[in-house]
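Data first, discussion second: the structure below is written as structure tokens.
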Amino acid sequence: MAKLDIIVAPDPRLKRQAEPVKKVDDAVRRLMDDMLETMYAANGIGLAAPQVGVLKRIIVVDVARDDEDRQPLQMANPEVVWESEDARTYEEGCLSLPDHYADVVRPEAVKVRYLDRENEIRTLDADDILATCVQHEIDHLDGVLFVDHISSLKRNMIIKKLQKLKKQQAVEAAPA
Ligand code: NI
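In terms of the numbering used here, the sequence shown opens at residue 1 and continues consecutively.
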């Protein structure tokens with residue numbers, strides 16, 4: 001397995017529509033494994049392929065707490081097929097928007113259909129933090145970030161700070 005680079009916003013690659021996976025084969029499984037490793041290394045609970053520069057509809061999720069065994073989910077072509085009327089507010093973060101958090105309102109529970117790593121169709125009934133996380137990751141496949149769900153004032157503030165940080169890092173990385 002290999003750790004991949006995570007793209008940080010603002011970046012046009014995070015705003016594009018990802019392509020469906022035709023079949024979950026060895027190449028897709030390898031990517032799923034690399035994405036999980038990358039996510040764990042970054043202490044994240046979810047990661048979508050566009051965040052590592054691959055425009056395919058693939059996500060990985062693990063919302064287990066530190067004191068629990070790992071519960072990795074690897075999904076291709078995940079699709080919300082049902083959502084609850086009840087909504088839930090959760091303070092979200094994102095590995096592509098490091099150190100920024102905001103309250104986002106989403107359906108409290110969802111049913112998701114997807115292909116697992118054996119290319120089998122499965123459904124997942126998710127509520128609570130798992131529902132939030134899966135919806136957040138599926139958003140990435142459509143070029144949507146959690147900041148797109150909050151006020152433009154707050155969004156612009158976060159994006160500006162990230163832009164500034166990127167400029168600083170570019171200066172520091174440049175040869176003296
Ligand atoms: Ni994210």
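Built from N, CA and C at the ideal position, the CB exists for glycine as well.
Going by DSSP, residue 73 is part of the beta strand (DSSP E) stretching over 73-83.
Cβ atoms of residue 73 and residue 66 stay farther apart than 8 Å, at about 18 Å. DSSP lists 83, 126 as the beta-bridge partner residues of residue 110.
Here DSSP, grouped into helix, strand and coil, assigns residue 103 to strand. Within the same chain, 60, 72 come within 6 Å of residue 36 by CB-CB distance, once the 5 residues on both sides are set aside. Positions of the beta strand (DSSP E) runs, each at least 3 residues long and wholly inside the segment 27-71, are given as 46-48, 58-61 in order along the chain. DSSP links residue 89 through a beta bridge to 105. Residue 97 sits in coil when the DSSP states are folded into three classes, being neither helix nor strand.
Between the ligand NI and the CB of residue 100, the shortest heavy atom gap is not smaller than 7 Å.
In the displayed model, residue 4 falls within coil according to three-state DSSP, outside both helix and strand. In this structure residue 160 is exposed. Its beta-carbon is surrounded by fewer than 16 other beta-carbon atoms within 10 angstroms.
Per the C-alpha coordinates, the member of 52, 117, 26 positioned closest to residue 38 is 52. For residue 120, there is no enclosing alpha helix (DSSP H), as DSSP marks it with neither H nor E.
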